[in-house]
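Student:
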Amino acid sequence: MSVIMSEEIEEIPLAASETSYSDTERNDIFNREFMPHINSMYNFAFRLTMDEDDANDLVQDTYLKAFRFISSFERGTNAKAWLFRILKNSFINDYRKRSKEPSKVDYQEVETTYNSEEAAEVDHTTDLRVETVQDMIGDEVATALNSLPVDFRTVIILCDIEGFTYEEMAKILDIPIGTVRSRLHRARNLLKDKLRTYAASMGYDTDEE
Amino acid sequence: MQSSPSATENTKYQKEYCEHHAECLKKIQAVLDGGATEDEKDHFRKNMDHCLHCIKMYHLEKCVKESLQSKIDKRLCPDNLVATIKAKLNI
Numbered sequence: 001m002s003v004i005m006s007e008e009i010e011e012i013p014l015a016a017s018e019t020s021y022s023d024t025e026r027n028d029i030f031n032r033e034f035m036p037h038i039n040s041m042y043n044f045a046f047r048l049t050m051d052e053d054d055a056n057d058l059v060q061d062t063y064l065k066a067f068r069f070i071s072s073f074e075r076g077t078n079a080k081a082w083l084f085r086i087l088k089n090s091f092i093n094d095y096r097k098r099s100k101e102p103s104k105v106d107y108q109e110v111e112t113t114y115n116s117e118e119a120a121e122v123d124h125t126t127d128l129r130v131e132t133v134q135d136m137i138g139d140e141v142a143t144a145l146n147s148l149p150v151d152f153r154t155v156i157i158l159c160d161i162e163g164f165t166y167e168e169m170a171k172i173l174d175i176p177i178g179t180v181r182s183r184l185h186r187a188r189n190l191l192k193d194k195l196r197t198y199a200a201s202m203g204y205d206t207d208e209e
Numbered sequence: 001m002q003s004s005p006s007a008t009e010n011t012k013y014q015k016e017y018c019e020h021h022a023e024c025l026k027k028i029q030a031v032l033d034g035g036a037t038e039d040e041k042d043h044f045r046k047n048m049d050h051c052l053h054c055i056k057m058y059h060l061e062k063c064v065k066e067s068l069q070s071k072i073d074k075r076l077c078p079d080n081l082v083a084t085i086k087a088k089l090n091i
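Chains as they are written, first to last, in the UniProt record's numbering: chain A, 1 to 209; chain B, 1 to 91.
Structural data, given as structure tokens:
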């Protein structure tokens, strides 16, 4: 697979119009609308970078950018999605290039590969049991999630861990909702493959009834 | 609108294998994510009445989603990072 990447991504979501806030208003927005999401932001940063120091830097950079460009944020709108988008773009522009993760995959290439195989899509229900997944501990599920390419890991984190809607994810990732859905579908199939392989290697009961 | 079908409580299931499982799986995921269209919800409801294969897929998808939500540790932002950010911004 080819190594990513292309041009820098516009990091700050563009607003229809910028708002001129007073210093008091800026501080108020920052404290009341941005800071409540810092734990979710840190968790997202950690799951993307898989490194505490990088997560620290990424969250700090994101919050400093958010404050600097606060006039692009419309008060009372979805601050969490706005912040997540900045963090995701900062990750792509600044961290992904020097990430410790060895291989970066091209979204389009992976999706094309999976599309070409869709006609013969593996049936994941026949060899991974509900009981097996229920028996797994958090570290085992996390290991499977962490082993996914970052682009697939991202959609699962946003949807299943952070609970964003498809519409919010489309805005955060700057892709159409249809692409969100198809990427999620493929990410989950990959995740189930990882869980199934892990379960088999650990001697968990598989569905050989 | 999520119903919670049970394969053991009902005897009217007939299909053991779903020839449309890939498409059905996408609809099941959309329902669980709360992002299904009315048509997808309709399709889901109908299938849950007669397709054992789809019911199995539903339970597996639900279980994996719940495991991701509940079993993976949430990393909390260190207090000193919050303090550092506020200090840099003088707020």
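Each residue gets a CB set at the ideal place from its N, CA and C atoms; glycine is no exception.
Hey, is D135(A)'s beta-carbon within less than 7 angstroms of any beta-carbon in chain B?
Tutor: no
Student: Assign K15(B) to one of three DSSP states: helix, strand, or coil.
Tutor: strand
Student: In three-state DSSP terms, what is C77(B)?
Tutor: coil
Student: Can you name the residues of chain B whose CB is closer than 8 angstroms to the CB of N89(A)?
Tutor: Near N89(A) there are no residues of chain B at all, since even the closest Cβ is about 18 angstroms away, more than 8 angstroms.
Student: Among the residues of its own chain, which have a CB less than 7 angstroms from the CB of C159(A), if the five just before and after it don't count?
Tutor: Contacts found: M169, L184.
Student: Measure the alpha-carbon distance for N89(A) versus T49(A) and round it to whole angstroms.
Tutor: The straight-line gap from Cα to Cα measures roughly 13 angstroms.
Student: Compare the beta carbon distance of I85(B) and Q60(A) with 7 angstroms and say whether it is the shorter of the two.
Tutor: yes
Student: Find the nearest neighbour of H59(B) within the set P78(B), V31(B), A36(B), judged by alpha-carbon distance.
Tutor: Considering only alpha carbons, the answer is V31(B).
Student: Check whether chain B comes within 7 angstroms of Y63(A), counting only Cβ atoms and requiring the distance to be less than that.
Tutor: yes
Student: Does L32(B) have its Cβ less than 7 angstroms from a Cβ in chain A?
Tutor: The Cβ of L32(B) sits no closer than 7 angstroms to any Cβ of chain A.
Student: Cβ of I91(B) less than 7 angstroms from any chain A Cβ?
Tutor: I91(B) counts as touching chain A.
Student: Would you decide whether A199(A) is buried or exposed? Buried here means 16 or more other CB atoms lie within 10 Å of its CB.
Tutor: buried
Student: Between which residues of its own chain and E117(A) is the CB-CB distance below 6 angstroms, once the five residues before and five after are set aside?
Tutor: With a pLDDT of 46 at E117(A), under the threshold of 50, the predicted position of this residue should be treated as unreliable, and no value is reported.
Student: Below 9 angstroms on C-beta distance, what does R181(A) contact in chain B?
Tutor: K26, Q29, A30, D33, G35
Student: Is it true that the CB of E61(B) sits closer than 7 angstroms to the CB of Q29(B)?
Tutor: When the beta-carbon positions are compared, Q29(B) and E61(B) come within less than 7 angstroms of each other.
Student: In or out: I137(A) buried (at least 16 other Cβ within 10 Å) or exposed?
Tutor: The residue is exposed, with fewer than 16 neighbouring Cβ atoms inside 10 Å.
Student: Any beta carbon of chain C sitting closer than 7 angstroms to that of F164(A)?
Tutor: Protein chains A and B are contained in the structure displayed, whereas chain C is not.
Student: How big is the Cα-Cα spacing for K51(A) and R45(B)?
Tutor: According to the sequence shown, residue 51(A) is Asp rather than Lys. Rounded to whole angstroms, D51(A) to R45(B) spans 43 angstroms at the Cα level.
Student: Anything in the region 38 to 56 of chain B with a Cβ closer than 8 angstroms to a Cβ of chain A? List those residues in chain order, please.
Tutor: H53, K56
Student: For H185(A), decide whether its Cβ has a neighbour in chain B, counting only Cβ atoms nearer than 7 angstroms.
Tutor: yes
Student: Write down the C-beta distance between L191(A) and V82(B) rounded to the nearest angstrom, noting that I regard them as a contact closer than 8 angstroms.
Tutor: Incorrect: roughly 32 angstroms between the Cβ atoms, too far for contact.
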